[in-house]
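Going down the list, the sequences are from chains A and B.
My numbering numbers the first residue of the first sequence as 1 and each following residue consecutively.
My numbering numbers the first residue of the second sequence as 1030 and each following residue consecutively.
A virtual CB, placed ideally from N, CA and C, is assigned to each residue, including glycine.
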Amino acid sequence: MIRVFTVSASMILCCHLVSTAGAERLTYEHDIRPIFRAHCFDCHGASEEIEGELDLRLVRLMIRGGDSGPAIVASKPDESLLVDRIRSGDMPPGPSHLSDQEIDTIERWIASGSKTARPEPAKIGPGLGITPEERSFWSFQPIHRPALPVLTKRDESLEIEEPIDFFVIANGHEIATQADRRTLVIRAYFDLIGLPPTPAELQDWIEEPSDKWFDHLLDTLLASPHYGERWGRHWLDIAGYADSEGYSAADTERPWSWKYRDWVIRALNDDKPFDQFLTEQLAGDELAGPISGDLTANQIGLLTATGFLRMAADGTGSGANNSEGRNQVMIDTLQIVGTSLFGLSLQCAQCHDHRYDPIPQSDYYAMRAIFEPAIDWKAWKPPAQRLISLYTASDRQKAAEVEAEAQELAKTKAQELAEYMQQALNQELMKYDQPLRDQLKVAYQTAVAERNDEQKQILAKHPSVNITSGNLYQYIPDSKPKLAEFDKQIQQIRSKKPIQEFIRALVEPPSHQPETRLFHRGDFQQPKQLISPAAFTVTSEPGQQAVFASDNEQLTTSGRRLAFARWITSRDNPLLARVIANRLWMHHFGTGIVATPADFGKLGARPSNLPLLDWLADELMVQGWSLKTLHRTIMSSATWRQQVLDASQKDYASRRLRRLEAETIRDRMLVTTGRLDPKLFGRPIQLKEDDTGQIVVEKPQKRRSLYLQVRRSRPVAMMSSFDAPTMETNCEIRSSSTVATQSLMMLNGQFILERAIEFANRVAAEELDAESLSTLPAFDFPKPLSDSWQYGFGSYAQDIERTESFTPLSHWNNNQWQAGPALPDPKRGWVLLNAQGGHPGGPTHAVVRRWTAQATGSIKIDGKLSHPSAAGDGVRGRIISSSKGILGEWMAKSNSTNTSVSTDVNMGDTIDFITDCQSNHTSDSFSWPVTMTFSDNDQTMIYSSVDQFSGPSDPVAMIPSQIIRVWELAYCRRPTEAEYRAGCQFIAQQLSTFRSNPTAIPQGRTAIQQAMTNLCQSVLSSNEFLYVE
Amino acid sequence: MTISRRNFLQQQGMGVGAIALSCLMQQEQSQANPKNVPKRPPVFDLKPKPPHHQPRAKAMISLFQHGGPSHMDLTDPKPELTKFDGTDYTEEVGFSFVNEASKKLMGTRWKFSKHGQSGTELSELLPETASIVDDICLIRSMHTGANGHEVSIRYFHGGVPGVLGRAHLASWLLYGLGSETNNLPAYMVLTDPAGHPVDGANNWSSGFLPALYQGTVLRAKEPRILNLDAPAHLAGAPQQQNLAFLQQLNRRHADRFKNPSELEARIASYELAARMQTAATDALDISQETKATHALYGLHDEATREYGTRCLIARRLVERGVRFVQLFLNGQPWDNHSNIGTALPNVCRKTDKPAAALVKDLKQRGMLDEVLVHWGGEIGRLPVTQNQGAAEKHGRDHNGQGFSIWMAGGGIKGGMTYGATDDFGHRAVKDVVTPNDYQATLMHLFGLQSNDLVFHQNGVQQTITADRPARVVREILT
């Protein structure tokens, strides 16, 4: 097998080879036990039932062997049954097998005399225990603040002041030149608030004269409310935040989940010390104390925080309220706790001792015991019953009063209804003679279930007697609005109730201490021994495991989670500060110091720079667990401020280009197009399925992506395509993929097309100062085809057979040209022209659609004049050439007529389409779409009065400033001259393409608008927009 | 800036584009994500990756028959059941519809007979499948242990009964092997025009695997592939110019950095997207097929036209390097709780001929050796009557204890049956095959050891079978 290892992995390999270079140095504990742990102990040592009586936990037990005889023969691997069984593939059973390398190690160990590191104990208890080798693994060691390294070689050009830089250089890294100020500002913005600076902000930072400009920048960004949104999203990833319950295909909505999301944002904005941030999430209910009467603001906060423990998918409210479903909630919750706080794959110890890390199965259940009183599968409340109302007593009273008032009216309505029903019945019965009338009446008034066959029969025979509240309106039409009015009033009354909000919390019932048992093979149907709450064995000295009291007498609750929270945030736990410091680093650099942020175990990556990690972890604690302080420390380092040299470098301490996360891409687009609503907090933005079955965001798209509903089974197409997590459980690290589907989305997707239009509209609406424009090189743009058309009114002069006057229409109103802002215009009446046709004014105000020839050649004109209205006396259409006079005249009155002519034109000639009324102008709306095929020696061009119809065209002179603005808004910089030229050339190219392809301009857009829209689309999907340096 | 640079896209992917492309497609010198190797930073791609061992299959077409085809009426003759028709069944039965449950045995009403050289017995409802028995391996001993549809479907696709959000086995194949095509999505799903199967889009989710491994739906109506085609106003020259301009922007940006391989990959991905537009259109154009092929798939017959078209498109897709194609039906057509006498023949009529045609067609083109075909549902049905009143309304309830599927090609032995249910077709009793065995077997045929294809998620080593027992069913391999 050829395997390529990453840098960190190859280092491990090297260490491994060094330590095993002399075959005689192989020991059981160091080299063999990890292999057995991964492949063999499940059946041969970890549990009480030992297969074939073969116990592999001690060498002497192997030599003694099991049912099939000795497993190993000292120094003779070829004669050892163990090797034989493994080599033949018999063992381990099933498709899993040992690698050649592992088998080789075992053989060499046996050949070298199957040595142990130390004498084996005379007695051995149940389970695998933890060896000194396993205990000495790096992540389980206490955090000691490392001394600052003394640097022998230092680059004098760098200002190295920050401890981080000392550690990085001591680690063999060269620190690159510092990035320029513009790059640093943008980088800091994205790192801390996940949004780009506006051009003005950027300019201010670049021009800030103070030496302390960078400190001020960090102050500003760390104080921004958007900081909590940015870093809240990171935390929500590992907490597994979702607005739906998951588990089943229905994936029921999870209302009120967002209250926890908002709590996280607020807590991070407040820089709540991380130990407290965490303690509240783990044990907020225990801190909140007994709840009686109205909740205080503090209690609401503490209870909301426990939403963290309610993030797991939960099917118990949607059909899976059974032992399996309930236990799954516990399992997922522990997984979230394990990966987010310990960086350990705790869940691997659910069924058996962890195969790689020293976590016995009993530790898993000791952890479970901490949560059992609050998440008790034997005393379960489904999600809906756990909601805590934020109603106060006075709210409740007010609501009751309002409801009483509503009921009062409901009663009146019921009476009214009964009277109507009676009236309808009486009316209806009058149609029947006695005795049938009375029979029907009795039958009808008998309750449905109690009707006898005869009654049923006569009612079936005379269906019209079957009056219901639903069909009552057919008998008494007036009843419907009257009754509806009642409903409306009742609704109005109810709306006076105080709005009732809820929180999704984890609240442990008082005095509730259910037992926790170890589940054999993780199966809740096979409970074994009782387990007490405790911390991981490996984190304490041998024999000194931190245990948590099963009950804290000072609390009404068991106090287990509070004790756990205190321990996890204490120095006794070596993992938390490392895990959190590593996460911060990862989000600032793209790669963690430990590349596997949720696996600090044996299968995870080793720290690339352990002293640095430990220093950061210690610093985090020393600085009172302030994340904002740690951000500042990291970002002030020369390491963070380096420029990007190698775009693809994946090293922990180098700068590389980082692709923005899905949310940040979308947010950046919203900012760039000027549409971002910076509002914080609130209910999730709803999603919907579009015509093609894709999940999209309900319009208008304005809020930050953090607020989009997270529906586990309905990921937003645009988000998931750019690797937003789907939250099966939680997401410990985002992937970053590059695939054609993303490109297709950027080329053709509705989302980007809409953003591009908004962006083009924005730059068209903004103006750049004339001074900055004057320096731009001029560019000769082709005229858009729509410029061939003009819209006006005037009259036709019979005597000269020419257009007598032409006054351009001055007002563009949404999709039509008018003579003034009002319609009808006080002077010119109903004069208007739109894409299809228009409306003439009075007899002296014909409407004129004018086309001007851009070259000399021949034209063929095809059109159809229609007067659709049945009323009025119709319209007259004339086509007039400025050089040849009248080409044709047609009438249309409640009908249509074709208007085909051909003629020659010289450049600059006009062709007018004049429409006037006959004797009066009532009902004179007409349509007259015209297609003109122009040919000269070189080319044939199609002019369409419909496709090329447009409002006032932007003068081409505005294009340069718009291009500049696009660069400023999207890239936070001005274009280089080459880029500017490229942009102009693109626009020119598009404009000339549009000349021969009018359908490339959607209705309602001008050629320039569309060309700019296409330019904006390219910019929004370009790498400079998607990646940050 | 030069014209030739601006227009490189029109130059058939030469020049700058080709360099970027070679960068994207450059083969990685690593194994297919082996176990126990500490993780690299999570960057994923579809570059081809060498398998663990010599593969037999390169592509797979799964004709998923959800609802639970009634094996005792189709593929698993049970004379004892016929003999004891109408008498009480003495074994314990798990029912899904308890309100209509009965213990009355119900023999099949259709005739079984032997076919081909292998003499495989099939019911008269599958006359076309009967003509390919010598090319298929019929497994009569499938077992999910659960009667529910969703539970068993998720088991088949995700590896664990009932659990939603796991990666589809096709996503695993892509993760392990990458893609063989530059022009088409490597994992495609052909949905029924009438609608989605039960569990909807979860049936082609990549779960915890990155989104690039998820299935791309080839819809039954336009737009066939989402975002594939340019909106009308961009089609043609405007979009080509957009692309050229975009690539020019990207080029300038990439030129500023050393080692811009990720940027190059994105540049290339736009070219892939552009090529996909032509390639997909071509793949879907079945008018290129001969009349004989149309007839083979039943395209002239109202009953078979729709399913036959999709089977034919499936072949055209694997022909172009698509790794995995799965066909779904609308709802659960095989879920014959009632009126089995009419409902079952209807769904057979729709699927029997096209499915058989696919195998024949692949064979005659020499593709069957490397293309694995799977036909089957997630469960089977019970030997007892589901009582819906009148006899003609009778049906059968769910049965995950024993049922049949068939596979062909890609290293599967033809002309054989494997495993057996008990005398009444109730439980798989001989050579039981679970969905995990099925997964391990097909991964094996693709050159992968299912337990060694690992994805690190939250510190957990995920595998397709979630480390549940799984065996490669070697007896059915050539």
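- A distance below 7 Å between beta-carbons, with the five flanking residues on each side excluded, links residue 999 of chain A to the following residues of its chain, in chain order: 947.
- When the beta-carbon positions are compared, residue 879 of chain A and residue 913 of chain A come within less than 7 Å of each other.
- Pairing residue 625 of chain A with residue 270 of chain A gives a Cβ-Cβ distance that is not under 7 Å.
- Considering only A/484, A/1018 and A/388, the residue with the shortest C-alpha distance to residue 301 of chain A is A/388.
- When the beta-carbon positions are compared, residue 1275 of chain B and residue 1018 of chain A come within less than 7 Å of each other.
- Close to residue 247 of chain A, with beta-carbon spacing below 8 Å, are these residues of chain B in chain order: 1193.
- Rounded to whole angstroms, the separation of the alpha carbons of residue 1203 of chain B and residue 1029 of chain A is 31 Å.
- Below the 9 Å Cβ cutoff, chain A contributes 976, 978, 979, 982 and 1024 as neighbours of residue 1281 of chain B, in chain order.
- Taking a C-beta distance under 7 Å as the contact criterion, residue 243 of chain A and residue 709 of chain A qualify as a contact pair.
- With contacts defined as CB atoms closer than 7 Å, residue 1129 of chain B and residue 1375 of chain B fail to qualify as a contacting pair.
- Excluding its 5 nearest sequence neighbours in each direction, residue 852 of chain A has C-beta neighbours in its own chain below 6 Å: 788 and 910, listed in chain order.
- Within the DSSP bridge table, the entry for residue 47 of chain A names no partner.
- For residue 193 of chain A, the secondary structure class from DSSP, reduced to helix, strand or coil, is coil.
- Within chain A, 738 and 1023 have C-beta atoms less than 7 Å from the C-beta of residue 1295 of chain B, given in sequence order.
- Straight through space, the alpha carbons of residue 970 of chain A and residue 210 of chain A are spaced by roughly 27 Å.
- Taken in chain order, the complete beta strand (DSSP E) segments of 3 residues or longer contained in the region 465-543 of chain A are 502-504, 516-519 and 527-531.
- Assigned with DSSP and collapsed to three states, residue 1474 of chain B falls in helix.
- Close CB contacts of residue 711 of chain A within its chain, under the 7 Å cut and outside five residues either way in sequence, are with 243, 244, 251 and 687 (chain order).
- Only exposed fits residue 177 of chain A, as fewer than 16 other CB atoms lie within 10 angstroms of its CB.
- Annotation for residue 513 of chain A: 373, 550, 551 and 558 place their beta carbon closer than 7 Å to its own, counting only its chain and skipping 5 residues before and after.
- Assignment of residue 1302 of chain B by DSSP, reduced to helix, strand and coil, places it in the helix class.
- For the 7 Å CB-CB criterion, residue 1140 of chain B and residue 1115 of chain B do not form a contact.
- Considering only beta carbons, the part of the region 1285-1309 of chain B lying closer than 7 Å to chain A consists of 1286, 1287, 1288, 1289, 1290, 1291, 1292, 1294, 1295, 1298, 1299, 1301, 1302 and 1305, in chain order.
- Annotation: residue 972 of chain A is outside any beta strand (DSSP E) and is labelled neither H nor E by DSSP.
- Taking the Cβ atoms as the reference, residue 1456 of chain B lies roughly 5 Å from residue 1431 of chain B, within the contact range of under 8 Å.
- Around the beta-carbon of residue 1212 of chain B, 16 or more other beta-carbon atoms lie within 10 Å, marking it buried.
- Scanning its chain for C-beta atoms nearer than 8 Å, with the 5 sequence neighbours on each side dropped, one finds around residue 1441 of chain B the residues 1165, 1166, 1401, 1474, 1505, 1506 and 1507, in chain order.
- The Cβ of residue 748 of chain A sits closer than 7 Å to at least one Cβ of chain B.
- Every alpha helix (DSSP H) of 4 residues or more that sits fully in the region 338-395 of chain A is shown, in chain order, as 361-371 and 383-386.
- By the criterion of a C-beta distance shorter than 7 Å, residue 423 of chain A is surrounded in its chain by 476, once the five residues flanking it on both sides are discounted.
- For residue 1262 of chain B, the chain A residues whose Cβ falls inside 8 Å of its Cβ are 999, 1000, 1001, 1002 and 1010, in order along the chain.
- Membership of residue 307 of chain A in any beta strand (DSSP E) is not indicated, and neither H nor E is assigned to it by DSSP.
- Look at residue 748 of chain A here: in three-state DSSP terms it is helix.
- In the pairwise beta carbon analysis, the region 994-1013 of chain A is classified as touching the region 753-766 of chain A: at least three pairs are separated by under 8 Å.
- Against residue 1222 of chain B, chain A offers no close residue; the least beta-carbon distance is about 13 Å (beta-carbon pairs closer than 9 Å).
- Rounded to the nearest whole angstrom, the C-alpha separation of residue 938 of chain A and residue 1251 of chain B is 39 Å.
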